[in-house]
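For what it's worth, this note's numbering labels the leading residue of the sequence shown as 4, then goes sequentially. Yeah, the Cβ is synthetic: ideal placement off N, Cα and C, and Gly gets one too. In this text, all values refer to a predicted model and were calculated from it rather than measured experimentally. Below you'll find the structure, written out as structure tokens, and then a few comments.
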Amino acid sequence: MQEELEALLQRRAQRRGGRALRCLDRVDSTNNELKRLGGQAPDGLAVLALEQTGGRGRQGRSFVSPAGQGLYLSVLLHPRCAPQQLGGLTAWTAVAVCRAVQRVCPLSPGIKWPNDVILAGKKLCGILTELENNPQTGGASPVVVGIGINVSQRESDFGPEVAPVAISLAQALGGPPPRLAVLAAAVLDELDALYAAFPAGGAEYLADYRQRCLTLGHPVQVLRRGVPKEGWAEEIDGEFALWVRWKSGQRERLSAGEVSVRGLLGYV
Ligand code: BTN
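Now the structure itself:
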């Protein structure tokens, strides 16, 4: 583990209201690491790794996580909310990542519904939220929120399939990205603020989400079980669901997870 990263993060850990942070050089997946700890892990425990050998994305995809090129971070939360409010947590996290990036770089990211963080029409960060069943205690299930931010990759680092839809901070800035420790500290600060506000402060996160949402007000192609359908992204409701108006004129409410959405002119 880079010494600067370790030192900065350990100092911060003491200021996180006792919420601990574990820094690893290499792990299969920071989400897996927290899931292995399961219900025993303390509330707010964060795991950060310099490299993931089995990074996971949504819908069973892998998330390539080369050493030192990205920020790979997961947090375990025991949210105090009704199960139906949990869906918003990933969207809140997208807002938190945008704010963190904006704090440390002269960049203002947008969000592709439901929760990809976007710069220049390409994906900067993906978020994978997983519910940890907790049958032993029968209590509310803890949640693992995993964040992967592309930091210093060049186009050739992404490979031919990913390069057209991915971007790093270095590419977006056209120069050196912020140091991993600085970016990590900003993300952890924003996650702490999110957790303090969740779920009561929803109106403010929703307003920021709507402002940043690049999908809203645009034509979209919705893929459900591989079948494409075109419509218009009209509204994000209070639970971060997307309302689409189909060409027939009918409206439908889409929840994250059941469909994937693309712009008609590209990834966003
Ligand atoms: C996606 O866009 O499909 C989600 C990508 C999530 C990647 C992060 S990196 C840290 C955490 N550990 C993982 O294995 N996945 C998430």
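With 16 other Cβ atoms within 10 Å as the buried cut-off, status of residue i
i, result
"residue 151", "buried"
"residue 267", "exposed"
"residue 227", "exposed"
"residue 68", "buried"
"residue 29", "exposed"
"residue 145", "buried"
"residue 159", "exposed"
"residue 115", "buried"
"residue 72", "buried"
"residue 123", "exposed"
"residue 3", "The question about residue 3 has no answer here: the residues shown for the chain are numbered 4 through 271."
"residue 125", "buried"
Three-state class that DSSP yields for residue i in the structure shown
i, result
"residue 71", "coil"
"residue 127", "strand"
"residue 157", "coil"
"residue 209", "helix"
"residue 64", "coil"
"residue 36", "helix"
"residue 182", "coil"
"residue 59", "strand"
"residue 237", "strand"
"residue 10", "helix"
"residue 54", "strand"
"residue 242", "coil"
"residue 202", "coil"
"residue 276", "Residue 276 is absent from the model: the chain starts at 4 and stops at 271."
Candidates the options, of which the one nearest residue i by Cα
i, options, result
"residue 212", "99, 89, 46, 67", "99"
"residue 86", "46, 94, 134, 61", "134"
"residue 97", "202, 164, 68, 148", "148"
"residue 271", "112, 79, 121", "121"
"residue 183", "107, 202, 175", "107"
"residue 46", "185, 83, 161, 89", "83"
"residue 10", "222, 207, 187, 231", "187"
"residue 153", "251, 136, 179", "179"
"residue 61", "93, 202, 70", "93"
"residue 172", "33, 65, 109", "109"
Opposing strand residues paired with residue i [DSSP bridges]
i, result
"residue 115", "119"
"residue 266", "223, 269"
"residue 231", "226"
"residue 133", "147"
"residue 78", "49, 148"
"residue 102", "Note: residue 102 sits in no beta bridge, so no partner."
"residue 216", "114"
"residue 169", "126"
N-terminal and C-terminal residue of the beta strand (DSSP E) that residue i is part of
i, result
"residue 257", "254-257"
"residue 27", "24-30"
"residue 248", "245-249"
Limits of the unbroken alpha helix (DSSP H) element including residue i
i, result
"residue 307", "The first residue shown for the chain is 4 and the last is 271, placing residue 307 beyond what the model contains."
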